[in-house]
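Asker: Sharing a structure here in structure tokens format.
Protein chains: 2
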Amino acid sequence: MKLSNDKKILIVGLGLIGGSYAEGFTKKGYFVGAITRSQKSIDYALNKGIISEGTTEVTKEFVSKYDLVIFALYPEQFTNWIEKYQDCFKSGIVISDVTGVKCEIVYKIQSILRKDVEFVPAHPMAGREVSGVENATSTIFNGSNYIVTPTSDNTKGNIEFVASIGEVLGFRKVSYLTPQEHDEMIGFLSQLTHCIAVSLMVCKESKHLVDFTGDSFRDLTRIAKINEKMWTELFIMNKHELLSQMDLFLGQFRRLRDALAQDDKETMQQMMRTSTERRKYFD
Amino acid sequence: MKLSNDKKILIVGLGLIGGSYAEGFTKKGYFVGAITRSQKSIDYALNKGIISEGTTEVTKEFVSKYDLVIFALYPEQFTNWIEKYQDCFKSGIVISDVTGVKCEIVYKIQSILRKDVEFVPAHPMAGREVSGVENATSTIFNGSNYIVTPTSDNTKGNIEFVASIGEVLGFRKVSYLTPQEHDEMIGFLSQLTHCIAVSLMVCKESKHLVDFTGDSFRDLTRIAKINEKMWTELFIMNKHELLSQMDLFLGQFRRLRDALAQDDKETMQQMMRTSTERRKYFD
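Each protein sequence line maps, in turn, to chains A and B. Take 27 as the starting number for the first sequence in my numbering and just add one per residue. Take 27 as the starting number for the second sequence in my numbering and just add one per residue.
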């Protein structure tokens with residue numbers, strides 16, 4: 027069962043991603059509502075025509091209108107919201123999310139959720155270096171991956187339903203991973219790279235080097251501009267996996283360092299050959 | 027004294043950078059000759075009109091025609107060439123280079139060079155992920171920095187002369203650094219970033235992750251495609267400086283890792299705030 031135009035969609039959390047979802051759905055002709063903490067964000071979104079209605083207060087009257095509820099909150103707030111307000115959902119609906127870490131959140135939400143509501147987790151792998159609904163635009167989804175991470179609690183029909191969100195919003199590709207596969211992948215491709223960029227950027231006061239900076243340093247540190255609250259929470263939620271990825275990297279970096287210290291050209295060249303070979307897949 | 031159009035320019039080493047110099051000078055109306063190991067490269071460059079003449083053999087008859095000789099060789103070959111063939115230079119000329127590490131090469135060349143020839147070192151901070159004269163184009167200089175790294179052996183007039191090469195070839199900016207300042211800067215901004223990219227890329231067989239890869243991983247590993255012979259030589263030539271930069275990075279990366287292991291949110295967030303603050307200078 028795919029998402030059809032008569033479904034009313036509620037976005038909880040109107041930040042960069044929530045706002046971009048709202049804009050994308052509205053553009054496709056859906057009725058979109060929003061609940062968020064700041065009245066300013068609601069006013070902005072109403073003004074821009076991104077949502078049809080919005081509120082800062084969670085009431086059963088408001089929430090029970092909706093057939094699909096998507097949570098674009100920080101992980102901890104997401105759990106709190108479900109615990110506090112799940113009575114407001116209309117019976118039989120599907121809820122989904124945009125959370126960047128899965129194992130830690132998915133099983134917790136599924137275990138506390140009402141049995142007449144189904145949570146199908148998903149992760150849109152899109153973002154910008156800026157935040158807030160003011161920067162929202164569904165164009166960020168165009169070249170990106172939309173990943174559905176179902177568990178054994180989910181039904182085939184509703185997995186398909188949540189997957190079709192990715193199609194409606196114009197993602198490049200819709201994929202399926204288990205929560206475990208997702209967290210390993212995200213730990214390596216996204217979290218580890220952010221750890222590297224941050225560590226490099228804090229190495230030294232580098233303002234005087236700006237004039238000499240070429241593309242390599244700029245590209246590598248682009249993601250060093252980072253929302254510290256959100257990423258700290260995501261890192262800690264994926265701690266076990268991320269630590270093992272960090273240690274893997276540390277080991278390889280130290281291997282290169284020690285080869286250099288010992289003038290071990292063969293090891294250095296061999297690492298560079300492997301690196302060159304593997305990078306080719308990504309062109 | 028700036029480089030004027032009547033000067034004949036000899037490029038030694040017709041690879042990506044040497045070829046791009048040749049193309050840039052020829053386009054500006056200079057007479058450009060080349061010496062390189064492979065006849066194929068000479069034929070290609072003659073065919074494309076990038077050089078006016080070229081040879082694979084070093085003779086006094088050929089070399090002594092030229093007023094400016096630029097070495098675009100691997101560092102070790104550069105020293106060997108000077109030792110073997112410096113008798114071929116016309117008296118009173120200026121020679122320069124494009125070598126990416128300075129301390130290790132500059133003082134050595136200046137100490138063995140004939141006293142009637144002046145070596146003014148320079149480093150064009152430009153490159154591509156491909157090599158060879160077939161990929162040469164002077165457009166790679168447009169957004170790039172050209173750095174002159176004179177020593178106390180150099181004269182004001184000839185420093186200015188070599189600086190004007192950067193202007194003629196259309197670099198974005200011409201700067202001056204001591205060889206020591208240059209090697210510290212390049213160790214941090216360029217060599218360390220390449221070490222990081224290579225170490226990340228060799229961490230695991232990642233072909234199956236290609237579909238999930240977003241911009242952050244791609245940007246960070248773009249430079250992991252690397253000429254292993256050249257970079258190993260450059261790393262070893264700048265070993266002392268690069269090791270200290272690698273250790274600086276290792277220390278910060280380990281600090282972030284340990285903060286995560288201990289759920290030390292304050293340290294993690296503080297590093298991310300510093301990182302975000304410092305990255306802003308580079309936008």
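Even glycine gets a Cβ: it sits at the ideal position worked out from N, Cα and C. Everything numeric in this text was worked out from a predicted model, so none of it was measured.
Check whether the Cβ of TYR100/B lies closer than 8 Å to any Cβ atom in chain A.
Answerer: With 8 Å as the cut-off, TYR100/B does not count as an interface residue toward chain A.
Asker: Using a Cβ cut-off of 9 Å, which residues of the stretch 248–267 of chain B contact any Cβ in chain A, in chain order?
Answerer: Answer set for the stretch 248–267 of chain B: ARG248, ILE249, ALA250, LYS251, ILE252, ASN253, GLU254, LYS255, TRP257, THR258, GLU259, PHE261, ILE262 and LYS265.
Asker: With a floor of 4 residues, list each alpha helix (DSSP H) that falls wholly inside the stretch 60–92 of chain A, ordered by position along the chain.
Answerer: Listed in chain order, they are 65–73 and 86–89.
Asker: So within the stretch 140–176 of chain B, which uninterrupted alpha helix (DSSP H) runs reach at least 4 residues, ignoring any that extend past its ends?
Answerer: Runs of the alpha helix (DSSP H) inside the stretch 140–176 of chain B: none found.
Asker: Give the DSSP-derived three-state secondary structure of GLY119/B in the structure shown.
Answerer: Checking the displayed sequence, the identity of residue 119/B turns out to be Ile instead of Gly. Here ILE119/B sits in coil by DSSP.
Asker: Is ALA287/B close to chain A? Criterion is C-beta to C-beta, closer than 8 Å.
Answerer: Yes, ALA287/B counts as interfacial toward chain A.
Asker: Does the Cβ of ASP237/B have 16 or more other Cβ atoms within 10 Å, making it buried, or fewer, making it exposed?
Answerer: ASP237/B should be labelled exposed.
Asker: Using the beta-carbon of each residue, which ones in chain B are nearer than 7 Å to ARG299/A?
Answerer: In chain order: GLU254.
Asker: Give the DSSP-derived three-state secondary structure of TYR100/B in the structure shown.
Answerer: Correct three-state label for TYR100/B: coil.
Asker: Going by Cα to Cα distance, which pick from LEU246/B, CYS229/B and THR85/B is closest to THR273/A?
Answerer: Strictly speaking, residue 273/A in this sequence is Asp, with Thr absent from that position. Comparing Cα-Cα distances from ASP273/A to each of LEU246/B, CYS229/B and THR85/B, the minimum goes to CYS229/B.
Asker: Kindly confirm or deny that the stretch 86–94 of chain B and the stretch 110–122 of chain B touch, where touching means at least three C-beta pairs closer than 8 Å.
Answerer: Flag = yes, the stretch 86–94 of chain B and the stretch 110–122 of chain B touch.
Asker: Residues in its own chain within less than 6 Å of ILE43/A by CB, not counting five upstream and five downstream?
Answerer: Cβ neighbours of ILE43/A beyond the five flanking positions: ALA98 and VAL124.
Asker: Output, in chain order, the set of chain A residues within a Cβ distance shorter than 7 Å of PHE197/B.
Answerer: Those within 7 Å of PHE197/B in chain A number zero; the least Cβ separation is about 12 Å.
Asker: Is there a Cβ of chain A sitting closer than 8 Å to that of GLN295/B, yes or no?
Answerer: Closer than 8 Å: yes.
Asker: Below 8 Å, can you find three or more Cβ-Cβ pairs linking the stretch 165–180 of chain B to the stretch 137–154 of chain B?
Answerer: Flag = yes, the stretch 165–180 of chain B and the stretch 137–154 of chain B touch.
Asker: Taking ALA60/B as the reference, which of GLN206/B, ILE77/B and GLN288/B has the closest Cα?
Answerer: Looking at the Cα atoms, ILE77/B is the closest of the given residues.
Asker: Figure out for me which residue from GLN217/B, THR258/B, GLN288/B and ARG299/B has the closest Cα to the Cα of ILE252/A.
Answerer: Of the listed residues, the one whose Cα sits closest to ILE252/A is ARG299/B.
Asker: Within 8 Å (strictly less), CB to CB, does TYR307/B reach chain A?
Answerer: Taking Cβ atoms only, chain A reaches closer than 8 Å to TYR307/B, which makes this a yes.
Asker: Taking the beta carbon of ALA223/A as the centre, do at least 16 other beta carbons fall within 10 Å, making it buried, or is it exposed?
Answerer: Classification of ALA223/A: buried, given that the 10 Å Cβ count is 16 or more.
Asker: State buried or exposed for ARG140/A, treating a residue as buried only when at least 16 other CB atoms are found within 10 Å of its CB.
Answerer: Classification for ARG140/A: exposed.
Asker: Quick one, are the C-beta atoms of PHE243/A and ARG244/B less than 8 Å apart?
Answerer: No. Outside cutoff.
Asker: Assuming the contact rule is C-beta atoms closer than 8 Å, MET227/B and THR258/A should be a hit. Round their C-beta distance to whole Å, please.
Answerer: About 26 Å; that fails the 8 Å criterion.
Asker: Count the other CB atoms within 10 Å of the CB of LYS128/A; is the residue buried (16 or more) or exposed (fewer)?
Answerer: Classification of LYS128/A: buried, given that the 10 Å Cβ count is 16 or more.
Asker: Kindly list, in the order they appear in chain A, the residues whose Cβ is closer than 8 Å to that of LEU312/B.
Answerer: In the structure displayed, chain B extends from 27 to 309; residue 312/B sits before or after that span and is not available.
Asker: Excluding the five sequence neighbours on either side, which residues of its own chain have a C-beta within less than 7 Å of the C-beta of LEU286/B, listed in chain order?
Answerer: Excluding sequence neighbours, LEU286/B sits near MET294.
Asker: Over the uninterrupted alpha helix (DSSP H) stretch that includes LYS182/A, give me the two end residues.
Answerer: First-last of the alpha helix (DSSP H) with LYS182/A: 182–194.
Asker: Is any beta-carbon of chain A found at less than 8 Å from that of SER12/B?
Answerer: An answer regarding residue 12/B cannot be provided, because it is not within the stretch 27 to 309 covered by chain B.
Asker: Please report the residue range of the alpha helix (DSSP H) in which ILE262/B lies.
Answerer: Where ILE262/B is concerned, the enclosing alpha helix (DSSP H) stretches over 254–263.
Asker: Output the boundary residues of the alpha helix (DSSP H) element that contains TYR133/A.
Answerer: Taken as a continuous stretch (DSSP letters only), the alpha helix (DSSP H) holding TYR133/A covers 129–138.
Asker: Closer than 7 Å between beta carbons: that is the criterion. Which residues of the stretch 235–246 of chain B meet it against chain A?
Answerer: Cβ contacts with chain A: LEU235, VAL236, ASP237, PHE238, THR239, GLY240, SER242, PHE243, ARG244, ASP245 and LEU246.
Asker: Go through the stretch 208–253 of chain B residue by residue and report every complete run of the alpha helix (DSSP H) that reaches 4 residues or more, in order.
Answerer: Listed in chain order, they are 218–227 and 241–247.
Asker: By DSSP's criteria, PHE51/A is part of a beta bridge. Which residues make up the other side?
Answerer: According to DSSP, PHE51/A bridges with nothing at all.
Asker: Return the chain-ordered list of same chain residues with a C-beta closer than 8 Å to the C-beta of GLU153/A, the five sequence neighbours on each side being excluded.
Answerer: This sequence places Gly at residue 153/A; Glu is not what is there. So the qualifying residues of the chain are LEU42, ILE43 and ILE166.
Asker: Please list, in chain order, the residues of the stretch 134–152 of chain A that have any C-beta partner in chain B closer than 9 Å.
Answerer: Result list: MET151 and ALA152.
Asker: Are the CB atoms of VAL200/A and GLU193/A nearer to each other than 8 Å?
Answerer: Going by C-beta atoms, VAL200/A is nearer than 8 Å to GLU193/A.
Asker: For MET272/A, which residues in chain B fall below 7 Å Cβ to Cβ?
Answerer: Within 7 Å Cβ-Cβ: ARG283.
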